[in-house]
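The next block holds one structure in the form of structure tokens; read it before the comments.
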Amino acid sequence: MGDKTTPTVLILLGPPGAGKGTQARMLEEKFALVQLSTGDLLRAAVAAGTDAGKAAKAVMEAGELVSDEIVIAILRDRLGDADCAKGVILDGFPRTTGQAMALDALLADSGQKINAAISLEVEDTAMVTRISGRFTCAACGEGYHDTFKPPLAPEVCDKCGGTTMNRRVDDNAETVASRLVAYHDQTAPLITYYDGRGVLKSVDAMGAIDVIAENLAIIVKTAMQ
Ligand code: AMP
């Protein structure tokens, strides 16, 4: 398994709705890694009203990409936190070639490397349904879906018993369409980028959540060796 001086770095690639967040949370538990979602970090910045949050808010609501400068700064700060020394699963970052190059430079500075960039392969047509039905527990962040993963008792979190559920403002059909365009234009080229670096893996992400998780775990186990 990965030695202690070089923490594991995994990247999950895939369009909005591919299941990056859900799978990252499962991998986090299974492999004792830290999920690092730039979307979550940006939403926290928006909620806190920081300068970065103020600049990002309208861009996120339009389903476009926040500037590389803001996102890279947020990620760099978070990567410096002590818990990230356990190893990280990057969920939603990088999303542009500029971000990928900045990540390479950041990791090189600390003698780290990417263990695997895993592409979650899905069909665009399924993404709108997946996204429009999803919500998360406000207390613990566990993700649910009206059709694919409802909580056992309506509006009660299976994990922590929380009763407040959040639906994202950008999870509507119109914004999803823009987010898919942004993905194909700016993020999908990273599949070729990481293939060229010999770290690309891919997994069929159209099936049941648990089956995808099992297939991902096999890839991750090998990548961490
Ligand atoms: P997500 O939670 O990953 O779906 O991200 C939600 C929104 O946050 C995206 O639609 C973008 O507006 C913004 N965002 C998240 N991560 C990035 C990133 N790496 N680069 C640019 N914008 C991002």
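For what it's worth, my numbering labels the leading residue of the sequence shown as 44, then goes sequentially. Note that CB positions come from ideal geometry on N, CA and C, so glycine has one too. Just so you know, these numbers come straight off a predicted model, no measurement behind them.
Three-state class that DSSP yields for residue i in the structure shown
i, result
"Ile54", "strand"
"Gln78", "strand"
"Gly239", "helix"
"Glu164", "strand"
"Arg86", "helix"
"Gly141", "helix"
"Cys127", "helix"
"Lys264", "helix"
"Thr49", "coil"
"Thr65", "helix"
"Arg177", "strand"
"Met44", "The predicted position of Met44 is uncertain, since its pLDDT is 45 and thus under 50; no value can be drawn from it."
"Ala196", "strand"
"Gly96", "helix"
"Leu108", "coil"
"Ser221", "helix"
"Ile157", "coil"
"Asp152", "helix"
"Lys202", "coil"
"Asn258", "helix"
"Glu231", "The question names Glu, but residue 231 in the sequence shown is Ala. Ala231: coil per DSSP, three-state reduction."
"Asp120", "helix"
"Ala169", "helix"
"Ala251", "coil"
Environment of residue i [buried if 16+ CB atoms lie within 10 Å]
i, result
"Thr168", "exposed"
"Leu259", "buried"
"Arg119", "exposed"
"Thr235", "exposed"
"Gln78", "buried"
"Arg240", "exposed"
"Pro58", "buried"
"Pro197", "exposed"
"Ala91", "exposed"
Whole-number beta carbon distance between residue j and residue i, since they are thought to touch under 8 angstroms
i, j, result
"Asp134", "Lys244", "With 8 angstroms as the limit, Asp134 and Lys244 do not qualify as a contact, their Cβ atoms being about 15 angstroms apart."
"Ile174", "Gly82", "Wrong, their Cβ atoms sit about 12 angstroms apart, outside the cutoff."
"Arg177", "Asp201", "Not a contact, Cβ separation roughly 15 angstroms."
"Ser162", "Leu56", "5 angstroms"
"Ala95", "Ala87", "Not a contact, Cβ separation roughly 10 angstroms."
"Gly106", "Arg222", "4 angstroms"
"Leu136", "Met267", "Looking at the sequence provided, one finds Phe at residue 136 rather than Leu. With 8 angstroms as the limit, Phe136 and Met267 do not qualify as a contact, their Cβ atoms being about 20 angstroms apart."
"Ala248", "Met69", "Not really, about 13 angstroms apart at Cβ, beyond 8 angstroms."
Strand pairing of residue i, partner residues [DSSP]
i, result
"Val246", "Leu163"
"Met208", "Cys180"
"His188", "Arg177 and Lys192"
"Leu133", "Ile54 and Leu79"
- Task: Kindly confirm or deny that the region 95-109 and the region 120-130 touch, where touching means at least three C-beta pairs closer than 8 angstroms.
- Result: no
- Is the region 48-57 touching the region 149-169, taking contact as three or more C-beta pairs under 8 angstroms? yes
- Can we say the region 109-117 touches the region 138-145, given the rule of at least three CB pairs closer than 8 angstroms? Taking one beta carbon from each stretch, the region 109-117 and the region 138-145 have 3 or more pairs nearer than 8 angstroms; the two touch.
- Kindly confirm or deny that the region 207-226 and the region 179-198 touch, where touching means at least three C-beta pairs closer than 8 angstroms. A contact exists between the region 207-226 and the region 179-198.
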